[in-house]
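Residue numbers (this note's numbering), protein chains in the order written: chain F, 124 to 478; chain X, 124 to 478; chain U, 124 to 478; chain E, 124 to 478. For every residue, glycine included, the Cβ atom is placed at its ideal position computed from N, Cα and C. A short write-up of the structure that comes next.
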């Protein structure tokens with residue numbers, strides 16, 4: 124009874140073809156897992172954790188390059204100081220709610236130590252968006268166990284979207300949203316390259332929502348579907364994780380991360396003041412092992428990177444839309460209800476605007 | 124016989140109202156001047172200089188706050204190291220072609236000294252995009268005199284657009300383009316605020332061009348209008364200068380500058396590898412005089428800045444479109460011709476896509 | 124029975140006079156508290172939390188400006204993405220060990236909610252250095268209660284140094300170290316200004332240690348005093364918190380933070396690869412209240428900031444030295460012993476090198 | 124009759140051995156050339172250009188990786204936006220006076236075109252410090268010919284220091300200074316690596332000057348040797364260019380560049396407000412050819428980079444001191460005289476402070 128993805132509705136965005144799963148897991152080695160935390164007592168909780176392994180369990184000893192970008196930094200992403208310095212990602216990534224960043228972050232350190240990771244210390248990447256409208260912000264309900272459950276649940280293959288994991292209580296363009304993912308395949312420098320995106324989407328104004336340029340938000344106004352979180356647009360945010368199997372350097376991962384801005388803008392994200400629009404890109408095409416003193420690398424030439432930029436923008440765009448189409452109406456904290464995007468209306472509007 | 128602006132065609136983009144001139148000069152104190160350099164012997168030259176005074180001639184002793192953003196830094200903007208350090212803009216800005224950045228930069232220093240400016244040294248902002256397809260890149264035809272002419276020609280009031288000043292030889296989305304400008308008015312924090320944009324647009328692929336979400340570039344394909352610069356999309360660029368009369372701090376100017384990315388994305392800019400997509404925002408709402416040891420300032424609160432973000436994105440968007448509608452077909456270096464955007468087709472496509 | 128501070132030994136560094144306490148608390152409104160966690164069962168723990176209130180409990184509704192710098196980012200400081208975006212610090216700061224960053228970070232969120240803070244979400248600053256040589260890294264012994272205890276213990280007045288709070292298990296230049304603080308008074312722009320520093324010092328090679336230029340580390344070799352942490356120099360770090368009562372803007376706080384590099388270099392810090400040398404400066408001279416739509420501010424002119432730069436370097440330098448002189452020999456995890464700097468030798472060497 | 128270098132005086136700084144030339148040209152492929160411009164009519168000119176080829180004339184088609192750092196950005200370095208984006212250096216570097224940055228920058232573009240460089244456009248790196256105390260700032264005497272002469276004069280081998288090239292009119296710690304260079308050899312990752320520095324030094328207060336920790340500036344006070352530029356300390360600056368043959372990535376070059384801060388601090392540089400303390404590091408150990416779509420690279424592991432950090436700090440330190448010992452007393456604009464550092468006094472002070 125899950126809701127369809129965007130393409131299941133006959134709507135395609137972008138020029139490039141998606142990968143087989145149209146998910147970040149199309150990048151070989153990437154695994155995603157969710158722990159969803161829903162409770163009504165003692166606190167109303169609509170929260171969770173989503174974990175992304177950049178290179179399966181190998182990551183502890185076989186690092187990937189990474190780079191970030193903050194389009195609007197009203198949020199938290201731990202580990203970014205280290206990534207800016209070293210360009211390396213050496214642990215799984217997690218996304219959760221704002222007030223659980225700490226517990227999830229330490230949980231990854233503990234997970235590493237429990238698992239016998241050889242590194243002496245860990246600086247994991249944990250990012251957040253706020254589910255404070257649907258989930259009691261004073262509940263502090265996410266625990267180390269939830270973080271470990273998300274890490275353990277991670278698999279290659281299709282990725283659950285919408286009201287799952289860290290995305291459980293999230294809202295986008297005033298509709299219920301959550302986790303979404305997509306991917307693109309491109310040919311460049313004589314090889315096939317995949318770029319995948321996973322978003323935890325929790326930002327934006329209804330009236331700015333566009334799908335392939337069509338002003339869907341204006342056409343499905345608040346009179347038709349009441350706004351989720353009418354007073355809280357400012358505390359929204361979006362985390363975008365981009366993955367590619369191309370051999371990029373850290374500085375090139377930073378460039379890729381900046382292109383999430385483009386996909387976000389296409390949907391209607393302007394990076395409003397209260398939004399933590401923070402992006403991280405990693406590339407599995409090189410391998411950096413802490414045991415090496417010299418690493419042999421490959422670098423995609425600057426001229427060959429353009430298709431990846433387009434792919435990053437498109438994958439981000441479609442991942443946000445998948446978060447919207449997948450999410451179901453939810454009622455939570457203080458009786459608040461966040462309505463899902465009405466898919467029949469979406470299809471109708473798209474047809475009307477496309478000659 | 125000048126071509127119309129976008130709104131003259133009955134096409135409006137964005138939600139916010141423009142200022143009276145719909146130009147960067149709607150921000151009080153801002154002056155713009157052009158020196159256009161067109162020659163056929165001894166070299167074919169289609170180039171020039173556009174000068175922007177942030178606060179008229181007062182700028183030498185009454186600085187404005189400023190902040191920049193490089194969305195894709197394949198270009199040059201001098202003065203950015205100083206602006207990143209101090210957050211101050213203390214001289215006029217100029218935009219020209221890639222190989223004239225130096226002469227124009229030194230010319231501003233000399234202009235200041237000639238005019239008796241009290242500062243001991245100058246670190247002016249000069250940015251560029253490349254007109255190498257329409258103008259002989261070996262000509263080095265722009266001189267100190269041209270720079271001074273642009274500075275002297277600067278006025279408040281309407282701004283010439285299209286094939287003028289630094290924009291003379293520029294191309295965007297494979298159509299002739301150049302200089303464009305627009306503005307937005309917003310009410311916030313109990314006051315009326317203006318945000319203006321001026322662009323020198325020289326980037327992009329035809330098929331990515333969108334107007335208010337409508338895929339205009341796909342609809343006016345290369346079969347209808349041949350592409351300008353078919354082999355050179357990678358060496359395009361766009362410079363965006365944003366101005367506001369709001370009392371912003373330097374860090375807030377940086378935030379505003381980043382929103383040019385949003386407007387650029389709406390039109391179809393992805394920041395391809397060879398593009399120098401470099402943005403600068405300045406705010407005239409505060410005054411910093413080098414003679415003061417303590418300056419009294421005002422700061423717009425973070426929560427009140429959202430309308431400015433929207434305005435910056437919209438003004439950038441419309442400025443790019445004005446650069447396209449204003450520019451006329453031009454033939455230049457090596458017989459290359461850059462065709463203007465056919466306005467009748469534009470209107471027709473827009474009508475077809477808008478139910 | 125506490126050990127003396129540097130000046131108690133007749134050794135003064137720098138040209139500027141210290142404040143009355145020669146501590147970060149010389150900046151009015153700044154409060155510091157420690158929670159020290161020492162245990163031998165079930166795990167050997169030599170750890171803790173140090174809390175800094177930038178403006179007492181007012182901070183939740185009366186923000187200070189702030190800016191950071193990462194000299195070598197092999198560490199964690201949460202909240203930096205927000206500070207880079209907004210230039211505001213809206214909560215207390217805490218410093219702890221690497222694997223407790225998360226619990227302390229969430230504890231500050233919970234403390235705010237428990238205390239009725241009006242902000243909807245919190246992005247606190249928590250930084251770390253690693254005590255993994257003296258404290259069992261798998262213990263995870265620091266709890267929310269410890270974080271709250273440090274917050275509650277904070278006072279104006281003298282600051283305990285050495286083996287206290289977050290500094291409990293730290294080592295610097297191969298001697299036992301920990302928390303240190305110092306301050307400087309300067310006159311500029313017709314007013315008296317104070318700059319204070321607090322460090323959690325845990326970095327460096329013995330042979331590079333200098334005091335006022337004297338090669339103390341070379342003169343007190345490993346033959347005389349065995350090295351603490353011989354194999355772990357790479358995992359050291361230093362956190363520097365700078366405070367001033369001057370009216371600085373966020374961009375100026377960033378500039379001040381960079382000067383911690385200078386003081387660190389004077390002592391012998393090179394920012395080795397494994398070191399998280401991360402600095403944050405805040406300025407209490409302006410008040411930003413979230414209830415305001417326009418804030419009235421003052422800004423120290425760029426030309427008047429030089430004495431603060433010198434003061435920041437000197438306060439950092441002396442704070443590190445106070446961390447060294449105050450810390451006592453400690454034995455901890457796996458029987459490791461970190462020896463204190465022998466003060467008699469220090470005095471003797473200084474006298475020998477000073478004609 | 125040239126003055127000695129620091130080591131010729133029996134004074135050595137740092138722990139690591141210098142290369143055979145103790146110059147940036149110890150890095151294979153690096154060439155340095157000067158054009159010195161001295162005139163008394165019609166204007167008093169004490170200026171020039173210093174050119175650095177990172178990889179001889181190959182650089183146009185065989186790029187090196189590079190990264191920069193601005194410790195205090197009150198200056199200009201063109202090309203930094205491109206280097207921040209791409210991490211590549213594709214042209215020679217030049218250093219000149221503040222008001223000649225533009226002419227030298229365009230001259231490099233023209234030099235490339237004249238020489239048939241295959242790249243369509245050029246974004247060269249040109250940096251500056253101000254010689255306005257000894258050289259008429261209104262003279263604008265540096266020309267394209269001077270820039271080309273410096274480029275053409277460049278050779279491997281020993282590098283002239285002091286009053287030459289861009290350093291002709293420069294002043295440091297209130298003594299005459301100019302160009303200086305030094306190098307260090309280190310063994311890491313099973314290979315021998317060289318790090319070289321070249322500085323154009325023009326900053327600082329007398330009383331802060333230290334040599335190997337000895338307060339030389341305090342000991343050679345203004346009563347003994349009058350200060351050069353008493354009113355202009357604020358307009359000083361230092362440019363540091365670091366080169367290494369190690370296989371570093373761009374992000375690692377940025378890290379190396381930051382270590383120039385450490386060497387500068389050891390000498391007494393605090394980065395005062397008016398100073399443009401801007402650093403660039405490049406690494407020749409990788410080759411990036413624009414004709415490649417995939418480049419094969421090597422990367423020095425993070426753990427193996429520590430000796431290079433120490434080397435960069437030491438080479439910067441000694442290069443500044445060589446600029447001081449090599450420079451001779453000069454009289455220039457408006458009859459101003461900048462006195463050289465008295466070498467006999469330097470030696471005497473060093474002996475007195477070293478037991």
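Rounding to the nearest angstrom, what Cα-Cα distance links residue 356 (chain F) and residue 472 (chain F) in this structure? Its pLDDT being 49, under 50, residue 356 (chain F) is placed unreliably in this model, and the value from its coordinates should be taken loosely. Using only the alpha carbons, I get a separation of about 24 Å.
How far does the alpha helix (DSSP H) with residue 429 (chain U) in it reach, from first residue to last? 429-449
Please classify residue 315 (chain E) as buried or exposed, where buried requires at least 16 neighbouring CB atoms within 10 angstroms. Exposed is the call here.
Enumerate, from N- to C-terminal direction, the unbroken beta strand (DSSP E) stretches of 3 or more residues contained entirely within the stretch 338-397 of chain U. 360-367
Could you name the residues of chain F that residue 127 (chain X) contacts, counting a contact when the two beta carbons are closer than 9 Å? Chain F residues near residue 127 (chain X): none, gap ~23 Å exceeds 9 Å.
Buried or exposed: residue 154 (chain X), going by 16 or more other Cβ atoms within 10 Å of its Cβ? buried
Just curious, the alpha helix (DSSP H) that residue 276 (chain E) is in, first and last residue? 267-276
Buried or exposed (CB count within 10 angstroms, at least 16 for buried), residue 178 (chain E): buried
Straight-line Cα distance separating residue 181 (chain F) from residue 275 (chain F): Taking the straight line from one Cα to the other gives about 14 Å.
Using beta-carbon positions only, say whether residue 387 (chain F) and residue 319 (chain F) come within less than 9 Å of one another. Contact annotation: residue 387 (chain F) and residue 319 (chain F) have beta-carbon atoms that are not nearer than 9 Å.
For residue 177 (chain F), would you say it is in contact with chain X, using Cβ-to-Cβ distances shorter than 9 Å as the test? no
Contact set between residue 424 (chain E) and chain F, taken where Cβ atoms lie within less than 7 Å: 415, 416, 417, 418
Scan the stretch 320-340 of chain F for residues whose Cβ lies nearer than 7 Å to a Cβ of chain X and list them as they occur along the chain. Along the stretch 320-340 of chain F, going in chain order, the ones with a CB nearer than 7 Å to a CB of chain X are 333, 336, 337, 338.
Report yes or no: do three or more beta-carbon pairs, one from the stretch 367-382 of chain X and one from the stretch 368-386 of chain U, lie closer than 8 Å? yes
What does the Cβ neighbour count give for residue 419 (chain F), buried or exposed, with the cut at 16 atoms within 10 Å? exposed
Interface partners of residue 193 (chain U) on chain F, CB under 8 Å: 204, 207, 208
Kindly indicate which three-state DSSP category residue 222 (chain E) falls into: helix, strand or coil? helix
Name, please, each residue of chain E whose Cβ falls closer than 7 Å to the Cβ of residue 253 (chain X). 244
Decide yes or no for the touch test of the stretch 234-253 of chain F against the stretch 139-157 of chain F: beta carbon pairs closer than 8 Å, at least 3 of them. no
Are residue 214 (chain U) and residue 231 (chain U) touching if we call contact CB-CB under 9 Å? Between residue 214 (chain U) and residue 231 (chain U), the CB-CB gap stays under 9 Å.
Does the beta-carbon distance from residue 321 (chain E) to residue 175 (chain E) come in below 9 Å? yes
Same chain, Cβ closer than 6 Å to residue 287 (chain U), five either side skipped, listed in chain order: These residues qualify, in order along the chain: 157, 159, 302.
Within 8 Å of chain U by C-beta, residues of the stretch 365-394 of chain X in sequence order: 370, 372, 373, 374, 378
With a threshold of 8 Å, are at least 3 pairs of Cβ atoms found where one atom belongs to the stretch 383-401 of chain X and the other to the stretch 328-338 of chain X? yes
Mapping DSSP to helix, strand and coil, what is residue 330 (chain F)? In this structure, residue 330 (chain F) counts as helix in the three-state DSSP scheme.
Per the contact definition of three or more C-beta pairs closer than 8 Å, is the stretch 438-458 of chain F in contact with the stretch 400-415 of chain X? no
Which value, in whole angstroms, describes the spacing of the CA atoms of residue 227 (chain E) and residue 294 (chain U)? 50 Å
Please decide whether residue 310 (chain E) counts as near chain F, where near means a Cβ-Cβ distance under 9 Å. no
Answer with buried or exposed for residue 381 (chain F), where buried requires no fewer than 16 other C-beta atoms within 10 angstroms of its C-beta. buried
If you follow the beta strand (DSSP E) that residue 323 (chain U) is part of, which residue opens it and which one closes it? 314-325
Are the Cβ atoms of residue 130 (chain X) and residue 143 (chain X) separated by less than 9 Å? no
Just to confirm, is the Cβ distance from residue 207 (chain U) to residue 404 (chain U) under 9 Å? Contact: no.
Cβ separation of residue 326 (chain E) and residue 350 (chain E), assumed to be a contact under 8 Å, to the nearest whole Å: Wrong, their Cβ atoms sit about 14 Å apart, outside the cutoff.
Taking the alpha-carbon positions, what's the residue 406 (chain E) to residue 343 (chain X) distance? Going by the C-alpha atoms only, they are around 47 Å apart.
Using the C-alpha atoms, what's the distance from residue 148 (chain X) back to residue 280 (chain X)? Distance from the CA of residue 280 (chain X) to the CA of residue 148 (chain X), rounded to the nearest whole angstrom, comes to 6 Å.
Starting from residue 307 (chain U), trace the beta strand (DSSP E) both ways and give me its first and last residue. 302-311
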